[in-house]
Each structure stands twice: as structure tokens, then as C-alpha cells.
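Below you'll find the structure, written out as C-alpha cells, and then a few comments.
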């Protein structure tokens, strides 16, 4: 396979021409699988969603849903901070109570 260098750090390989599929295979697949047409309601909802996405992107708003592991990290850190705060409050009152008894 011949390599060409388009960028000094990245070598790009040329792809081979795809092999021609035998004619019998194409006709067999065409006989088994029939074309699928999406419903008009699906096309309309897709058109609306894409138009809304284009508007938001043009306005600079991009909605990125949080990744599942990120939620776990946030919950874990929050729980740890809450436990540390509760422990600090309990320790503060115990030390104060011990000093009051002396």
C-alpha cells in the first residue's frame, strides 16, 4: 500500500478500490429486503428537531447532557463534603462540651 504524507505528523493511506459484489448477491438481497419509507410524522418531528438545533447552535447555545459517570462523581464529592461538615460540627460541640465540664 502506498503512503502519502499530507501533514508532517500524520501519514495517510490511500484506500483500495472496493471489490465489486457479485450480481447474484445484490438481487438476492434486493428480494429479501424491501425499501423502508419513514412516516410523515417522523420526518416532520426530525425536521423540527434539526431546525431547533440549528437555531440553538447559531445562538451559541449547545445543550450537552451530562455523562453518567459525571453525575456519580458529583454525588460522591457532595456526600463526602457533607459527611466532613457533619463530623466537624459534631467535633466542635464535643470539644465545647468537654471544656464546659472542666
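Residue numbers (the working numbering): 2 to 103. Just so you know, even glycine gets a beta-carbon here, dropped at the ideal spot from N, CA and C. Just so you know, these numbers come straight off a predicted model, no measurement behind them.
- In this structure, the CA atom of residue 68 is about 29 Å from the CA atom of residue 45.
- Straight across, the Cα-Cα distance linking residue 89 with residue 53 is about 49 Å.
- The Cβ-Cβ distance between residue 64 and residue 57 falls below 8 Å.
- DSSP places residue 28 in the uninterrupted alpha helix (DSSP H) bounded by 24–33.
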